[in-house]
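Asks: Per the numbering used here, the sequence shown starts with residue 1, numbered consecutively.
Glycine included, each C-beta is placed from N, C-alpha and C at the ideal position.
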Amino acid sequence: MEGLAGVVAGSSAICSVGTGEGLLYRGYSIEELARRAEFEEVAHLLVVGHLPTERELAHFKQALQVYRELPLIVKQVLQALPVSTHPMDVMKAGVVALGCAYPEELDFSNQDTCALRLLGALPSILIYWHNLHKLGKHAGLNSDKSMAHYLLEGLRTGTPLEEEVKAMDAMLTLYAEHEFNASTYANRITASTLSDLYSCVSTGINTLKGRLHGGANEVAIAFVLRFHSVQEALQEVDALFAKKEKIMGFGHRVYKKADPRSAVGFELAEQLKHLGDPKLFEIAIAIRDKVKQEKGLPDNIDFFGGLVYHYMRLERLYYTPFFVMSRAVGWMAHAFEQRAHNRIIRPTSTYTGASKRSFIPLQDR
Ligand code: COA
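1. Can you tell me whether D302 sits near the ligand COA, meaning its C-beta is under 7 Å from at least one heavy atom of the ligand?
2. Which term fits K209, buried or exposed, when burial requires 16 or more other beta carbons within 10 angstroms of its beta carbon?
3. Going straight from the alpha carbon of G3 to that of A9, what length do you get?
4. Please confirm whether any heavy atom of the ligand COA lies closer than 7 Å to the CB of L45.
5. Measure the alpha-carbon distance for V165 versus I73 and round it to whole angstroms.
6. What's the gap between the Cα of L234 and the Cα of A286?
7. Fully enclosed by the region 313-355, which alpha helix (DSSP H) runs are 4 residues long or longer?
8. For M1, count neighbouring Cβ atoms within 10 angstroms of its own Cβ and tell me buried if that reaches 16, exposed if not.
9. Report all residues from its chain with a CB closer than 8 Å to the CB of I30; omit the five preceding and five following residues, and keep chain order.
10. Which full runs of the alpha helix (DSSP H) of 4+ residues lie inside the region 24-78, going along the chain?
11. Cutting at 6 Å between CB atoms, please list the residues of its own chain near K137, excluding the five before and the five after it.
12. Across which residues does DSSP place F304 in a beta bridge pair?
13. Apart from the five residues on each side of it in sequence, which residues of its chain come closer than 7 Å, Cβ to Cβ, to L240?
14. I'd like to know whether the C-beta atoms of P123 and L81 end up nearer to each other than 8 Å.
15. What does DSSP give as the partner residue(s) for F250 in the beta ladder?
16. Looking at the strands, I want to know which residues DSSP matches up with S16.
17. For R156 and G276, what's the separation of their Cα atoms in angstroms?
18. Quick one: complete alpha helix (DSSP H) runs, 4+ long, within the region 146-200?
19. Please find out if some non-hydrogen atom of the ligand COA comes closer than 7 Å to the beta-carbon of K257.
20. With 16 as the cutoff for other CB atoms within 10 Å, does A340 come out buried or exposed?
21. Secondary structure at L141, three-state DSSP: helix, strand or coil?
22. Look at the alpha carbon of H228 and the alpha carbon of Y319, and state the distance between them as a whole number of angstroms.
23. Would you kindly check if the distance between the Cβ of L64 and the Cβ of M147 is under 8 Å?
24. Check whether the region 216-232 touches the region 348-363, counting contact only when three or more Cβ pairs, one atom from each stretch, lie closer than 8 Å.
25. At the level of alpha carbons, what is the spacing between T352 and A5?
26. Any heavy atom of the ligand COA closer than 7 Å to the beta-carbon of S333?
27. Below 8 Å, can you find three or more Cβ-Cβ pairs linking the region 291-308 to the region 192-199?
28. Would you identify the three-state DSSP class for K92, choosing helix, strand or coil?
29. Cα-Cα, which of Y185, L141, P160 and K61 is closest to T207?
30. List the whole-angstrom C-beta distance separating F39 from D169, where the pair is believed to meet the contact cut-off of C-beta under 8 Å.
31. Once the 5 residues before and after P103 are set aside, which same chain residues still bring their CB inside 7 Å of it?
32. For L119 and V329, which I take to be in contact (beta-carbon distance under 8 Å), what is that distance rounded to the nearest angstrom?
33. Do you know how far the Cα of R365 is from the Cα of N217?
34. With DSSP run on the structure shown, which of helix, strand or coil describes E245?
35. Leaving out five residues on either side along the sequence, give the residues of the same chain with a beta carbon under 7 Å from the beta carbon of A97.
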């Protein structure tokens with residue numbers, strides 16, 4: 001029961017996982033979506049409820065592009081943050097400021113607009129802060145490109161290659177939804193109190209930040225980057241095993257044999273390795289094989305996923321914010337589903353504290 005392992009904590013029609021059919025978003029396999037769809041199609045599928053027609057997709061993308069421009073108050077908040085702020089805290093601050101500028105109505109009548117506004121603004125929050133604090137300039141936020149392209153263009157130098165845009169789309173898709181994971185469940189609890197959508201999303205961000213959840217990818221890639229050879233990496237894995245320390249990017253609460261997203265992440269890293277140092281890919285494979293062989297633990301999406309971002313020359317501390325931009329569609333789909341059949345989520349606990357006793361006045365303690 002610890003960590004609610006194995007507890008069925010509600011029902012949902014958004015995503016199925018661990019049923020023997022792989023990971024499905026509203027019935028569509030993650031592999032097909034990652035290989036064949038643009039992230040915006042997946043976002044529409046999850047938030048609106050179906051795969052868009054060409055017309056619906058054009059409309060959806062246009063709305064997101066309009067909301068890329070940030071309100072002045074959001075820019076002012078981002079300007080006020082110290083350079084040292086963790087990018088996940090930047091995301092959180094941006095979402096809170098956005099909710100102050102354009103709050104959701106108490107009857108949720110503008111929830112669809114709030115969802116579009118959030119999805120459009122999330123990449124801009126990071127791009128604006130990055131340009132201001134790292135490059136000393138105000139970024140233009142009016143791109144008409146896809147979200148994957150917009151991110152690559154806004155956060156590094158050089159025109160994005162087609163293979164990079166495709167890989168970014170696939171990564172955003174892989175991270176978009178995952179049933180009752182910690183951040184989504186936390187977001188559903190917030191939704192169940194009838195709080196607003198911005199609060200649901202910032203709950204998700206706060207929960208995702210930890211390294212046992214979203215923060216694992218930046219730690220996993222930092223681990224791989226430490227080594228110059230396979231031998232050096234394997235020695236360090238042995239040392240960590242001896243100290244009984246965890247290796248980030250391995251293990252999963254639901255997937256005990258394989259994370260279905262990992263195979264796609266692996267394929268993407270292999271395709272992009274020519275853009276960087278291919279030796280890192282070899283080192284990652286060696287670590288994966290050793291952890292699997294000795295501990296029986298499969299790699300999860302964060303292991304090769306981190307390498308994909310690295311090969312695209314993206315800043316390591318931005319990996320978890322990319323997770324936010326993607327998982328936000330899952331959070332919002334769950335918040336809407338919770339609202340549609342709401343009962344406040346309020347479990348009970350087994351009490352293990354002191355038995356009833358008398359109060360002792362301050363002067364007598
Ligand atoms: N490295 C080494 N050992 C690990 C491990 C890892 N990454 N993940 C789990 N284990 C070991 C645990 O130490 C434990 O061993 P024990 O039974 O000897 O005590 C056993 O495997 C079960 O692990 P546990 O932490 O109880 O599993 P969980 O279901 O509670 O947690 C995770 C799942 C994902 C939190 C856990 O595997 C983990 O911390 N992984 C690293 C973080 C990560 O990659 N998170 C991203 C998930 S997508």
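Replies: Quick look at the numbers:
1. yes
2. buried
3. 12 Å
4. no
5. 31 Å
6. 7 Å
7. 319-340
8. exposed
9. The answer, listed in chain order, is G22, L23, L24, T173, L174, P260, R261 and V264.
10. 30-36, 39-47 and 54-66
11. Within the same chain, and ignoring the five residues on either side of K137 in sequence, the residues whose Cβ sits closer than 6 Å to its Cβ are N131.
12. DSSP output for F304 lists no bridge partner at all.
13. I247
14. no
15. Bridge partners of F250: D299.
16. L24
17. 15 Å
18. With a minimum length of 4 residues, the continuous alpha helix (DSSP H) runs that stay inside the region 146-200 are 147-155, 162-174 and 182-192.
19. No.
20. exposed
21. Under the three-state reduction of DSSP, L141 is assigned to coil, being neither helix nor strand.
22. 23 Å
23. yes
24. no
25. 20 Å
26. Before going further, note that residue 333 is Ala rather than Ser in the sequence given. Checking every heavy atom of the ligand COA against the Cβ of A333, none is found closer than 7 Å.
27. no
28. helix
29. Measuring from the Cα of T207, the nearest candidate turns out to be Y185.
30. 5 Å
31. D196
32. Rounded, the Cβ-Cβ distance is 7 Å, consistent with contact.
33. 49 Å
34. In this structure, E245 counts as coil in the three-state DSSP scheme.
35. Here A97 has I73, V74 and V77 as same chain residues with Cβ atoms under 7 Å from its own Cβ, once five neighbours each way along the sequence are excluded.
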